[in-house]
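Quick notes on the structure that follows.
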Amino acid sequence: GKDMLVMFTDGISECLESDRMWSDERLTRMAMERSGGSAQEVLDRIFELAAAPGGVAADDRTALVVK
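Pasting the structure below:
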């Protein structure tokens, strides 16, 4: 099915918003657009988008994807 649960900490959304103007709603839409892929693919994309500049995150970054 296409049911999917996506949860993430504010460290993900804050990292995305810092230079790309992402919101929780936009991140959720991105996950839904990739809902045809596996949970791992959706999770990989979230972390790809939330990659911290210089490799150092200012806050924890945790996400969970369940399909």
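Following the numbering used here, the numbering of the sequence shown begins with 2 at its first residue and continues without gaps.
Don't be surprised by glycine CBs; every beta carbon is placed ideally from N, CA and C.
Sort Phe9, Arg62, Asp60 by Cα distance to Ala32 and report the nearest one.
Translated into positions along the sequence shown, residue 32 becomes position 31. Closest option to Ala32, Cα to Cα, is Phe9.
Could you tell me the alpha carbon to alpha carbon distance between Glu49 and Glu42, rounded to whole angstroms?
By one-based count along the sequence shown, residue 49 stands at place 48. By one-based count along the sequence shown, residue 42 stands at place 41. Approximately 10 Å between the Cα atoms of the pair.
For Val85, collect the residues of the same chain with a Cβ closer than 6 Å to its Cβ; drop the 5 residues on either side in sequence, then sort them by chain order.
For the chain, the structure presents residues 2 to 68; residue 85 sits outside this window and is missing.
For a test of the three-state rule: what should DSSP assign to Met33, helix, strand or coil?
Position 32 of the sequence shown, counting from 1, holds the residue named residue 33. Reduced to three states, the DSSP call for Met33 is helix.
Given this structure, state the Cα-to-Cα distance separating Ser30 from Asp61, to the nearest angstrom.
As a first step, residue 30 is located in the sequence shown; it is residue number 29 there, counting from the start. As a first step, residue 61 is located in the sequence shown; it is residue number 60 there, counting from the start. What sits at residue 30 in the sequence shown is Arg, not Ser. Spanning the two alpha carbons is a distance of roughly 22 Å.
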